[in-house]
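Under my numbering, the residue at position 137 of the sequence shown is numbered 139, and the numbers go up by one with no gaps. Built from N, CA and C at the ideal position, the CB exists for glycine as well. Treat the numbers as computed from the prediction; the structure is a model and nothing was measured. To start, the structure under review is shown below, and the notes come after it.
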Amino acid sequence: MSSTGTTARLLPGGPVAEQVLAEVAEDVAALRAAGVTPALATVLVGDDDASAGYIRIKQRQAAQLGFASPHVHLPASASQADLHRVLADFNADPDVHGVLVQHPIPGRLDYDRALQVLDPDKDVDGMHPVNMGRLALGLPGPLPCTPAGIEALLAFHGVPVAGREVVILGRGATLGRPLAMLLAQKRPTANAAVTVVHTGVADWPRYTRRAEILVAAVGVPGIVRPEHVRPGAVVVGGGVRYEGRRLLPDVDESCAEVAGAITPRVGGVGPTTVAMLFRNAVRAARRAAGLD
Ligand SMILES: NC(=O)c1ccc[n+]([C@@H]2O[C@H](COP(=O)([O-])OP(=O)(O)OC[C@H]3O[C@@H](n4cnc5c(N)ncnc54)[C@H](OP(=O)(O)O)[C@@H]3O)[C@@H](O)[C@H]2O)c1
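Set out below in structure tokens:
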């Protein structure tokens, strides 16, 4: 027991990401051996320091994994049409297999409209409406990265999901809603009884208290407290808010005193999200090369 009274087993995302990225690196090497250089293009709009930093990290990681990573940096004054043109060019380029638009983009531009211009097969975030539809129908395609990362995290740490009661707090398009679809699918690492609660369910703790696996997907710091957690449950903290560089998670640290297993405050779901981005990119390259 630590000085904070923590009893829960920790479920770090780092080792999960390492395993996924090792598989990605093998796939990249096989593609290169077959004469295909997988390419993950990145698009940055404007001069936000944090966004520029995230793009640099992803480009460095892309290079380490063996991807080409063509990059376009549009000025903050770029129009919606400028952004669409860049995406249309990448769509038309057979040497580009995946495209990542770093968000947030400047507020006067519409991210969702831009996403709809992107070829769904090159959508490494897995957020294009076509890919959401594929997920709903159980068809192959890029999966939304954070939900896919959470499924991988639970599987890696040997947390059984099939047949168990999963409650997701939050129904947002990035996390709660696609995660509910993913974990309800008929597969050994999913196949759960999934309930989604939100602001429309005033007494949401009634549901979270019975969850064997509780996923916080809200973005309200500290919203999940020990009294919302069933003793011994698995708690996954997906939702976070940033204040400057400070990360404020949905799950209050004291939940570790009640939970049986819990993602750490830092290094939980985040690293798995990034790994899934590269998994989507290499799979897109394999599909384009006719290997999948
Ligand atoms: N860790 C990562 O790598 C990663 C990656 C992506 C996203 N995230 C985080 O995941 C979180 C969710 O993102 P998102 O885009 O899916 O969600 P979102 O669109 O921001 O929606 C948040 C959800 O939380 C619910 N909610 C908000 N306040 C609530 C309250 N007081 N009580 C109950 N429910 C409440 C909302 O309910 P209503 O629908 O009723 O409004 C909504 O369903 C964010 O914090 C985001 O930063 C993390």
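* Mark serine 71 as exposed unless 16 or more other C-beta atoms lie within 10 angstroms of its C-beta, in which case mark it buried. => buried
* Asked: Which full runs of the beta strand (DSSP E) of 3+ residues lie inside the region 187-227, going along the chain?
  -> 195-199, 215-218
* Asked: At which residues does the beta strand (DSSP E) containing arginine 248 begin and terminate?
  -> 248-251
* Report the three-state DSSP secondary structure of isoleucine 170 (helix, strand or coil). => strand
* Return yes when the Cβ of valine 242 is within less than 8 Å of the Cβ of alanine 263, no when it is not. => no
* Identify the continuous alpha helix (DSSP H) that holds leucine 184 and give its terminal residues. => 178-185
* Tell me whether the beta-carbon of leucine 111 lies closer than 8 Å to the beta-carbon of leucine 89. => no
* Report the partner residues of histidine 75 according to the DSSP bridge assignment. => Bridge pairing for histidine 75: Leu46 [DSSP].
* Asked: When DSSP labels each residue in this structure, what does glycine 68 get in the three-state scheme?
  -> coil
* Cβ of valine 284 within 7 Å of any heavy atom in ligand 1? -> no
* Asked: Does ligand 1 have a heavy atom nearer than 7 Å to the CB of isoleucine 264?
  -> no
* Asked: Looking only at C-alpha atoms, which of Val231, Ile170, Ala194, Leu279 sits nearest to valine 203?
  -> Ile170
* Give the single residue among Asp50, Ala291, Thr275, Arg289 whose Cα lies nearest to the Cα of valine 22. => Thr275
* Local conformation of proline 17 per DSSP, three classes -> helix
* Asked: To which residues of the same chain is glutamate 153 closer than 7 Å at the C-beta, ignoring the five residues directly before and after it?
  -> By the criterion of a C-beta distance shorter than 7 Å, glutamate 153 is surrounded in its chain by Leu184, Leu185, Thr191, Ala192, once the five residues flanking it on both sides are discounted.
* **Bridge partner(s) assigned by DSSP for leucine 12** => Ile264
* Note down, in chain order, each residue of its chain lying with its Cβ closer than 6 Å to the Cβ of isoleucine 107, except the 5 sequence neighbours on either side. => Val47, Tyr113
* Asked: From what residue to what residue does the beta strand (DSSP E) around proline 242 run?
  -> Here residue 242 turns out to be valine, not proline, going by the sequence shown. Counting along the chain, the beta strand (DSSP E) containing valine 242 begins and ends at 242-245.
* Going by the CB atoms, is the gap between valine 98 and alanine 31 shorter than 8 Å? -> no
* **Among Gly221, Arg232, Ala219, nearest to alanine 213 - alpha-carbon criterion** => Arg232
* **heavy atom of ligand 1 below 7 Å from leucine 177 C-beta** => yes
* Taking 7 Å as the cut-off, is the CB of threonine 201 close to at least one heavy atom of ligand 1? -> yes
* Asked: Does DSSP put aspartate 29 in a helix, a strand or coil?
  -> Aspartate 29 falls in the helix class under three-state DSSP.
* **Which listed residue (Asp49, Gln63, Gly135, Phe69) has its alpha carbon closest to that of histidine 105** => Closest option to histidine 105, Cα to Cα, is Asp49.
* Please confirm whether any heavy atom of ligand 1 lies closer than 7 Å to the CB of glycine 143. => no
* **Beta bridge counterpart(s) of valine 238 as assigned by DSSP** => Val217
* To do: Examine ligand 3 and report whether any of its heavy atoms sits within less than 7 Å of the Cβ of valine 222.
  => Summarising the ligand content, the structure contains ligand 1 and does not contain ligand 3.
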